[in-house]
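A short worksheet on the structure shown next.
Protein chains: 2
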Amino acid sequence: MNLKEKIVLFKNITIITMNENRDVIEDGIVAFKNNEIIHVGKRDIEQTLISEYGCEIEIIDGEEGILMPGMINCHTHASMVPFRSLADDCKDRLKRYLFPLEQKLVDEKLTYIGAKYAIAEMLLGGVTTFCDMYYFEDEVAKASKELNMRSVLCETVLNFPSPDSKKAYGGLEYSIAFIEKWKNDDLITPGIGPHAPYTNSDEALKEAYEISKKYNVPITMHVAEMDYELSECKEKYNLTAVQYLDKLGILDSNFISAHTVLVDEKDIEILKEKNVGVVHNIGANSKGAKGVMPIVKMREKGINIGLGTDGPMSGNTLDIITQMPQVGKIHKLFNNDRTLLPSIELIEMATIGGAKVLGMDKEVGSIEVGKKADLTLIETYSVNMQPIYDYYAAIVYSANPSNVDTVVVNGKIVVKNKKLISGDFREIRKSIINLKDKIDKVAINL
Amino acid sequence: MNLKEKIVLFKNITIITMNENRDVIEDGIVAFKNNEIIHVGKRDIEQTLISEYGCEIEIIDGEEGILMPGMINCHTHASMVPFRSLADDCKDRLKRYLFPLEQKLVDEKLTYIGAKYAIAEMLLGGVTTFCDMYYFEDEVAKASKELNMRSVLCETVLNFPSPDSKKAYGGLEYSIAFIEKWKNDDLITPGIGPHAPYTNSDEALKEAYEISKKYNVPITMHVAEMDYELSECKEKYNLTAVQYLDKLGILDSNFISAHTVLVDEKDIEILKEKNVGVVHNIGANSKGAKGVMPIVKMREKGINIGLGTDGPMSGNTLDIITQMPQVGKIHKLFNNDRTLLPSIELIEMATIGGAKVLGMDKEVGSIEVGKKADLTLIETYSVNMQPIYDYYAAIVYSANPSNVDTVVVNGKIVVKNKKLISGDFREIRKSIINLKDKIDKVAINL
Chain A
377 MNLKEKIVLF KNITIITMNE NRDVIEDGIV AFKNNEIIHV GKRDIEQTLI
427 SEYGCEIEII DGEEGILMPG MINCHTHASM VPFRSLADDC KDRLKRYLFP
477 LEQKLVDEKL TYIGAKYAIA EMLLGGVTTF CDMYYFEDEV AKASKELNMR
527 SVLCETVLNF PSPDSKKAYG GLEYSIAFIE KWKNDDLITP GIGPHAPYTN
577 SDEALKEAYE ISKKYNVPIT MHVAEMDYEL SECKEKYNLT AVQYLDKLGI
627 LDSNFISAHT VLVDEKDIEI LKEKNVGVVH NIGANSKGAK GVMPIVKMRE
677 KGINIGLGTD GPMSGNTLDI ITQMPQVGKI HKLFNNDRTL LPSIELIEMA
727 TIGGAKVLGM DKEVGSIEVG KKADLTLIET YSVNMQPIYD YYAAIVYSAN
777 PSNVDTVVVN GKIVVKNKKL ISGDFREIRK SIINLKDKID KVAINL
Chain B
377 MNLKEKIVLF KNITIITMNE NRDVIEDGIV AFKNNEIIHV GKRDIEQTLI
427 SEYGCEIEII DGEEGILMPG MINCHTHASM VPFRSLADDC KDRLKRYLFP
477 LEQKLVDEKL TYIGAKYAIA EMLLGGVTTF CDMYYFEDEV AKASKELNMR
527 SVLCETVLNF PSPDSKKAYG GLEYSIAFIE KWKNDDLITP GIGPHAPYTN
577 SDEALKEAYE ISKKYNVPIT MHVAEMDYEL SECKEKYNLT AVQYLDKLGI
627 LDSNFISAHT VLVDEKDIEI LKEKNVGVVH NIGANSKGAK GVMPIVKMRE
677 KGINIGLGTD GPMSGNTLDI ITQMPQVGKI HKLFNNDRTL LPSIELIEMA
727 TIGGAKVLGM DKEVGSIEVG KKADLTLIET YSVNMQPIYD YYAAIVYSAN
777 PSNVDTVVVN GKIVVKNKKL ISGDFREIRK SIINLKDKID KVAINL
């Protein structure tokens, strides 16, 4: 028997397809073969499939759970998880803690251990694809492959030396080698990540863009996030951050614009015109008191919006389930309108919207025949999950990451019965705790 | 052996005491006998206790978890949980769905089943005391006693007939009998709940106040929540809602003011002067786009603030853990200051602050010798709970209700290993699902 030819079938589920019709199928079944979805429908195809494939079907009873497309975390710095909960609420945290800690501690090992822990957390929380920007991205790729996570990995480019480069802009060189190494991988999409407008020269930004264009890979950047970034752009060019990047000619559909908080009407026009995808990081932006990305206006213009957690030192958690209610509530509040952003639109941003932002919507983001099998099963037996009158609302306003029961990435079951099965969580946890002890000793002197 | 004399001892825990010094005790132990805490300290008393009490000690290994005071939900309508996720995001939800549904469906049975489910959810989420306002409060009391939950239960008073009264203001009469029945109970504190200024006459409000005063029990009300409430008060009396209630002479330390969003400087002065406790329901207020209670100013004045979820049709979840990060983030954002409301202050509102609001801070809200054993153990083995540099931050920004491992109310273990043990959760769940089918048939015609 060729195990690769086995069919896996979910039954006894409600399917939130997020296909173009936004079909919701009660008592449905979803089947996949290798890494591809081959059937999505009502229960009645079950017998046909079973008779066709015989004993080579693995059946997963969803126990009346909700099967949704795997969620997409469009912006994070996964490897920062070893620093989580350190100096929250502190005024000069970035300069007082974060930069010195990174300077002293970030190496290949920390990056690998952090990425592995963060990926485990994302998988357990129903995330099946993430977009990362950090150092030593090759280590993140290794961790991602080991745990069978789909990822878009972008090496940081900066105008000063970084943990993995003794010289400024070392990330450019790193990126070329990194992209060459991973460009044909089935799980890893390599990209490039110039940190921000205020930490890069015009030349470096253009060079990064040329690399992205040459290889046709994503380019991601923190854009219009900081007050001082905007003032600097205004002062130097009399432009907003978005207008400055546009003038440089580096905005296109490969561009993933994280944060994008401090934007005006003209910026929104540019983002739409250049088909830039934007990433809303509401949890981190609110905790850091950075402001609110105008997603209502952006949606009106038809801009693609995905959700991100930002790094776990900024946003603490790495799942997307807990981002959705924050997005809904904060925008309802700011716009004084309870009907804005109904749950279905939040689920869109968490799935197919995120896939569009990352340029992967042909492959992932919805449950449709021919797409990759990236699936998240939300159980409905826990106390917080009943009753359900609206499946979207139940996920957005009732669920939390602990309700994620089973997760499939690229046709492989990676989480089952709420346990990580693509890696040894005990070992992963042990590594992070050892690292914490080491970090503690450094942090105490800061 | 007299089982009542047994000592229960938590070990291998970090204790967040929330005592006046806000002591945090690593590797601590907490012991309680009957319903009272008898020891709080470092590990070293363990042997003394064991030799003193011999085999009559039940030892609970906290597995390096965090033991905190049981959390307090200061405002909810527990029995509304059967309607959760119905018509979220809908414009006229209150009038189009909620009132007709309540009119047609709320009876003793629904109130009891709803309360039982909601209480199970609160206990599983680490809440050990809640303050309720609804109809048939005697049914809520029954459910609360059965599951061993501590509660402050306030029958609604309204100027129109309600599910449990054919005439207006029937809640006044109901309350007297209800208070008489429960006034000496060890778990139930009966009170009275005039619904809002705009649904009560001056006379009814004064009468409710007299009842509260006569029996020295809590009186709770929705205050300054609605735009139209404020306009009505302005138009009729040229006063804000708070000023109107103050003029009636009904504000005192028994008064629990829920929502309290639309208030000015003078209102805040009055609330402080009259020692009124206020309840912040950020989740429900943001989802309903109702505005943000000015807690930063209120805290500066020294007003007691507790947290509430509001009813589960408004706020969906019933735990307090998920309220804390919402409070922190939204106020940081609105005040443009990331240092505001550090985690310790959010935990205060969730515990001892809430106890003060309910007038129960002599009994609950902190882990101290002589106080009632109302305890919540947060496990730290799950992926979202590591690393921990700051116990407060880890609870506020990392935890979710699924991390609640063990819960003790009034010296009785009600949740253990994340399972409800004071009731049969399967049965409770079955009842709510049956009820949902019935509600569906009514809702479809609205």
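Chains as they are written, first to last, in the working numbering: chain A, 377 to 822; chain B, 377 to 822.
By construction, the Cβ of each residue, glycine as well, lies at the ideal position given by its N, Cα and C atoms.
This one's a predicted model, so the numbers in the text were calculated from it and none came from an experiment.
Return the CA-CA distance between Ala819 of chain B and Leu477 of chain B, expressed in angstroms with no decimal places. Residue 819 of chain B sits at position 443 when you count from the first residue of the second sequence. Residue 477 of chain B sits at position 101 when you count from the first residue of the second sequence. Ala819 of chain B and Leu477 of chain B: Cα-Cα distance of roughly 7 angstroms.
Ser742 of chain A classed as buried or exposed, judged by whether at least 16 other C-beta atoms fall within 10 angstroms: Position 366 of the first sequence holds residue 742 of chain A. Buried, because 16 or more other Cβ atoms sit within 10 Å of the Cβ of Ser742 of chain A.
Using Cβ-Cβ distances below 7 angstroms, what residues of the stretch 748-773 of chain B are close to chain A? Val759, Asn760, Gln762, Pro763, Ile764, Tyr765, Asp766, Ala769, Ala770 and Tyr773
Using 8 angstroms as the limit for Cβ to Cβ distance, is Thr693 of chain A near chain B? As a working note, residue 693 of chain A is residue 317 in the first sequence. By this cut-off, Thr693 of chain A is an interface position.
DSSP beta-bridge partners of Asp508 of chain A: In the first sequence, residue 508 of chain A corresponds to position 132, counting from 1. Note: Asp508 of chain A sits in a beta bridge opposite A:Thr452 and A:Leu529.
Short CB-CB distance (under 8 angstroms) between Ala665 of chain A and chain B: Working through the first sequence from its first residue, we reach residue 665 of chain A at position 289. Cβ-Cβ to chain B under 8 angstroms: yes for Ala665 of chain A.
Return the CA-CA distance between Arg805 of chain A and Pro763 of chain B, expressed in angstroms with no decimal places. Numbered from its first residue, the first sequence carries residue 805 of chain A at position 429. Numbered from its first residue, the second sequence carries residue 763 of chain B at position 387. Rounded to the nearest angstrom, the two C-alpha atoms are 9 angstroms apart.
For Leu811 of chain A, the nearest candidate out of A:Arg460, A:Gly417 and A:Val593 (CA to CA): Counted from its first residue, the first sequence places residue 811 of chain A at position 435. Taking only the C-alpha atoms, the option nearest Leu811 of chain A is A:Arg460.
How long is the line joining the alpha carbons of Leu563 of chain A and Val740 of chain B, rounded to whole angstroms? What you label residue 563 of chain A is simply residue 187 of the first sequence in a count that begins at 1. What you label residue 740 of chain B is simply residue 364 of the second sequence in a count that begins at 1. Rounded to whole angstroms, Leu563 of chain A to Val740 of chain B spans 52 angstroms at the Cα level.
By the three-class DSSP mapping on this structure, what secondary structure does Thr756 of chain A have? Taking the first sequence and counting its residues from 1, the one referred to as residue 756 of chain A is at position 380. In this structure, Thr756 of chain A counts as coil in the three-state DSSP scheme.
Take Leu638 of chain B and list the residues in its own chain whose beta-carbon comes closer than 6 angstroms to its own, dropping the five residues that flank it on each side. Taking the second sequence and counting its residues from 1, the one referred to as residue 638 of chain B is at position 262. Closer than 6 angstroms at the Cβ level, and outside the excluded window around Leu638 of chain B, lie Ala600 and Leu606.
Give the interface partners of Val668 of chain A over in chain D, defined as CB-CB distance under 9 angstroms, in chain order. Protein chains in the displayed structure are A and B, and chain D is not among them.
Below 8 angstroms between beta carbons: does that hold for Gly772 of chain A and Pro701 of chain A? Residue 772 of chain A sits at position 396 when you count from the first residue of the first sequence. Residue 701 of chain A sits at position 325 when you count from the first residue of the first sequence. For clarity, residue 772 of chain A is Val in the given sequence; the question names Gly instead. Going by C-beta atoms, Val772 of chain A is nearer than 8 angstroms to Pro701 of chain A.
Mind checking the stretch 491-515 of chain B against chain A and listing, in chain order, the residues whose C-beta falls within less than 7 angstroms of any C-beta there? Ala496, Glu497 and Leu500
With DSSP run on the structure shown, which of helix, strand or coil describes Val703 of chain A? Taking the first residue of the first sequence as position 1, residue 703 of chain A is located at position 327. Reduced to three states, the DSSP call for Val703 of chain A is helix.
Distance, Ser588 of chain B Cα to Glu549 of chain B Cα: Start at 1 with the first residue of the second sequence, and residue 549 of chain B comes out as number 173. Start at 1 with the first residue of the second sequence, and residue 588 of chain B comes out as number 212. C-alpha separation (whole angstroms): 13 angstroms.
At a Cβ threshold of 8 angstroms, is Arg675 of chain B touching chain A? Taking the first residue of the second sequence as 1, we reach residue 675 of chain B at position 299. Cβ-Cβ to chain A under 8 angstroms: no for Arg675 of chain B.
Contact set between Arg472 of chain A and chain B, taken where Cβ atoms lie within less than 9 angstroms: In the first sequence, the residue the question calls residue 472 of chain A occupies position 96. Neighbours of Arg472 of chain A on chain B: none; closest Cβ ~12 angstroms, over 9 angstroms.
Alpha carbon to alpha carbon, how far is Val655 of chain A from Gln699 of chain A? Give it in angstroms, no decimals. Position 323 of the first sequence, counting from 1, holds the residue named residue 699 of chain A. Position 279 of the first sequence, counting from 1, holds the residue named residue 655 of chain A. When rounded, the distance between both Cα atoms is 12 angstroms.
Is Lys589 of chain B close to chain A, meaning its C-beta is less than 8 angstroms from at least one C-beta of that chain? Mapped onto the second sequence, residue 589 of chain B falls at position 213. Closer than 8 angstroms: no.
Give me the Cα-Cα distance between Ala572 of chain A and Tyr473 of chain B, rounded to the nearest whole angstrom. What you label residue 572 of chain A is simply residue 196 of the first sequence in a count that begins at 1. What you label residue 473 of chain B is simply residue 97 of the second sequence in a count that begins at 1. Looking at the two C-alpha atoms, the distance is approximately 48 angstroms.
Measuring alpha carbon to alpha carbon, tell me which of A:Val528, A:Met498, A:Lys559 and A:Phe512 ends up nearest Lys542 of chain A. To locate residue 542 of chain A, count along the first sequence from 1; it is residue 166. The shortest Cα separation from Lys542 of chain A among A:Val528, A:Met498, A:Lys559 and A:Phe512 belongs to A:Phe512.
Look at the alpha carbon of Gly682 of chain A and the alpha carbon of Ile414 of chain B, and state the distance between them as a whole number of angstroms. In the first sequence, the residue the question calls residue 682 of chain A occupies position 306. In the second sequence, the residue the question calls residue 414 of chain B occupies position 38. Going from the Cα of Gly682 of chain A to the Cα of Ile414 of chain B covers about 52 angstroms.
Member of B:Ile426, B:Ile392 and B:Ile433 whose CA lies at the smallest distance from the CA of Asn410 of chain B: Looking up residue 410 of chain B in the second sequence gives position 34. If we check each option's Cα against that of Asn410 of chain B, B:Ile433 comes out closest.
How far does the beta strand (DSSP E) with Ile565 of chain A in it reach, from first residue to last? Mapped onto the first sequence, residue 565 of chain A falls at position 189. At residue 565 of chain A the sequence reads Thr, which differs from the Ile that was named. Start and end: Ile564 to Pro570.
For Ala584 of chain A, which option in A:His598, A:Tyr591 and A:Ile568 has the closest C-alpha, if you only look at C-alpha atoms? For this step, residue 584 of chain A is matched to residue 208 along the first sequence. Checking every option, the nearest Cα to that of Ala584 of chain A belongs to A:Ile568.
Could you check which residue in B:Asp437, B:Pro445 and B:Thr616 has the C-alpha nearest to that of Gly787 of chain B? The sequence position of residue 787 of chain B within the second sequence is 411, counting from 1. The shortest Cα separation from Gly787 of chain B among B:Asp437, B:Pro445 and B:Thr616 belongs to B:Pro445.
Assuming Ala660 of chain B and Ser633 of chain B are in contact, meaning their beta carbons sit under 8 angstroms apart, how far apart are those beta carbons, in whole angstroms? One-based indexing of the second sequence puts residue 660 of chain B at position 284. One-based indexing of the second sequence puts residue 633 of chain B at position 257. About 15 angstroms; that fails the 8 angstroms criterion.
Could you pull the start and end residues of the alpha helix (DSSP H) that Met725 of chain A belongs to? What you label residue 725 of chain A is simply residue 349 of the first sequence in a count that begins at 1. From DSSP, Met725 of chain A is part of no alpha helix (DSSP H); its letter is neither H nor E.
Would you say Ser461 of chain B faces chain A, with C-beta separation under 8 angstroms as the test? Against the second sequence, residue 461 of chain B aligns to sequence position 85. Taking Cβ atoms only, chain A reaches closer than 8 angstroms to Ser461 of chain B, which makes this a yes.
Amino acids of chain A, ordered along the chain, whose beta-carbon sits closer than 8 angstroms to that of Ile808 of chain B: For the purposes of this step, residue 808 of chain B is taken as the residue at position 432 of the second sequence. Neighbours of Ile808 of chain B on chain A, chain order: Gln762 and Pro763.
Determine the chain B residues that contact Asn330 of chain A at a beta-carbon separation under 7 angstroms, and present them in chain order. Residue coverage of chain A in this structure runs from 377 to 822, which leaves residue 330 of chain A outside it and unanswerable.
Can you look up Glu497 of chain A in the DSSP assignment and give me helix, strand or coil? The residue you call residue 497 of chain A lines up with position 121 of the first sequence. It is helical.
Taking only three categories from DSSP, how would you classify Lys590 of chain B? Translated into the one-based positions of the second sequence, residue 590 of chain B becomes position 214. In this structure, Lys590 of chain B counts as helix in the three-state DSSP scheme.
Sufficient close CB pairs (3 or more, under 8 angstroms) joining the stretch 721-733 of chain B to the stretch 665-684 of chain A: no
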